[in-house]
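Residues 4 to 270 in this note's numbering are what the sequence shown spells out, letter by letter.
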Amino acid sequence: MGTLDGTTSLVTGASRGLGRAIARKLAAEGSLVAVHYGTNEPAAQDVVARITEAGGAAFAVGARLGVAGDAERLWAAMDTALAERGARPGVDVLVNNAGIGGATPNLSDARPDDFDELFAINVKAPFFVVQRGLDRLRDGGRIVNISSLSSRIATPDVLAYAMTKGAINIFSTTLAQELGSRGITVNAVLPGVTATEANVAWFAAQPAIRDIVAGMSALRRVGEPADVADVVAFLASPAARWVTGQVIDATGGAFLGLSVGGAPPAA
Ligand SMILES: NC(=O)c1ccc[n+]([C@@H]2O[C@H](COP(=O)([O-])OP(=O)(O)OC[C@H]3O[C@@H](n4cnc5c(N)ncnc54)[C@H](OP(=O)(O)O)[C@@H]3O)[C@@H](O)[C@H]2O)c1
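Laid out in structure tokens, this is it:
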């Protein structure tokens, strides 16, 4: 028996990275999971195969986000896929995870087109996926939006990206107020630098980075995708029914505080 038996979930950007771990965890808890992808269908099908091998149920849905008509295409693909499986229409859990970091989103180098693309994929797409999905999302359901540590601390190297995640935080809080009357909870999960494929490649190219990242966390290690997926699964579960409108930090306590190795001299 899983905590999500009998439910249906949609995880955007589940062909790799955090989304893949979230999809696998929700499926392990008994949910029928739609593994969304943008371009990489083989990767999404591989996630589906792994879930199925592990005894879960999943299917892939493709839709490029951040372009005109994206939300409509995504929900149309969901409707078709559920109908083809003979599954009842609608979803219980929506995880808005798909996102990009952008090429050069700091103040000096950001170009208007890059800025627009970041906001189109990271902010506009989740907004309209929710808007166009309201009639598919069942009462008592869950929305989990994936934010970032960059929305809690100042990260000038990724300023525009950080701004998109700040938008996700207030989107989550406000949506929670709006959808509460339907019993739908809405929360954001805020990961720090996590050992996804892209970041593992970064650590391999620059080994010192892993230690720096581990040192940011009170728990002194780099987070794994499963660390974040477990938090999402909790928020999706009945046990989290009384938690809504929150930005849940899943960074292992990154930048919690500072120890300088001693107390200041007595005044
Ligand atoms: N990794 C971290 O350390 C970290 C830290 C904090 C927050 N986050 C956030 O966590 C989320 C996932 O990050 P990640 O690092 O796991 O990402 P990732 O490994 O780069 O994977 C991104 C996923 O999103 C999909 N995607 C990207 N752009 C898309 C588009 N335009 N249309 C449709 N799908 C699109 C990709 O699908 P295809 O490959 O099929 O196109 C892929 O499945 C993002 O919101 C990110 O901002 C990540």
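No residue lacks a Cβ here, since even glycine has one placed at the ideal position from N, Cα and C. The structure displayed is predicted, hence computed values, not measured ones.
Close-in-space but distant-in-sequence residues of the same chain around residue i (CB under 7 Å, 5 per side omitted)
i, result
"residue 216", "196 and 225"
"residue 123", "69"
"residue 213", "206 and 225"
"residue 55", "61"
Residue of the options minimising C-alpha distance to residue i
i, options, result
"residue 39", "68, 184 and 53", "68"
"residue 126", "140, 112 and 100", "100"
"residue 61", "43, 26, 42 and 116", "26"
"residue 111", "159, 54 and 41", "159"
"residue 174", "134, 80 and 35", "134"
"residue 76", "58, 45, 49 and 15", "15"
"residue 95", "109, 80 and 185", "185"
"residue 149", "32, 270, 104 and 5", "104"
"residue 256", "45, 165, 218 and 144", "218"
"residue 109", "242, 236, 239 and 162", "162"
"residue 121", "171, 156, 155 and 98", "171"
"residue 5", "241, 180 and 200", "241"
"residue 53", "181, 31 and 124", "31"
"residue 239", "24, 144, 263 and 56", "144"
"residue 132", "157, 72, 164 and 86", "72"
"residue 119", "164, 130 and 17", "164"
Where the alpha helix (DSSP H) through residue i begins and ends
i, result
"residue 118", "115-122"
"residue 216", "210-219"
"residue 238", "228-239"
"residue 21", "20-31"
"residue 50", "44-56"
"residue 246", "No alpha helix (DSSP H) holds residue 246; DSSP gives it neither H nor E."
"residue 136", "128-136"
Limits of the beta strand (DSSP E) - the one that residue i falls within
i, result
"residue 144", "140-149"
"residue 63", "60-65"
"residue 177", "Element bounds for residue 177: not the beta strand (DSSP E) but the alpha helix (DSSP H), 162-182."
"residue 194", "188-194"
"residue 36", "35-40"
"residue 14", "11-14"
"residue 253", "250-253"
8 Å CB neighbourhood of residue i in its chain, flanking five on each side removed
i, result
"residue 233", "28"
"residue 90", "11 and 35"
"residue 139", "78, 81, 82, 92, 93 and 94"
"residue 21", "100, 149, 194, 197, 199, 228, 231 and 232"
"residue 272", "A query on residue 272 cannot be resolved here, the shown segment of the chain reaching from 4 to 270 and no further."
Proximity below 9 Å, CB of residue i to CB of residue j
i, j, result
"residue 136", "residue 74", "yes"
"residue 176", "residue 249", "yes"
"residue 244", "residue 188", "yes"
"residue 41", "residue 7", "no"
"residue 146", "residue 97", "yes"
"residue 114", "residue 252", "no"
"residue 152", "residue 237", "no"
"residue 254", "residue 190", "no"
"residue 44", "residue 58", "no"
"residue 106", "residue 117", "yes"
"residue 260", "residue 221", "yes"
Own chain residues within Cβ distance below 6 Å of residue i, not counting five before or after
i, result
"residue 230", "none"
"residue 63", "38, 47, 48 and 51"
"residue 9", "none"
"residue 178", "189"
Along the chain, which unbroken stretches of the alpha helix (DSSP H) at least 4 residues long are found entirely within the region 67-108? 73-88
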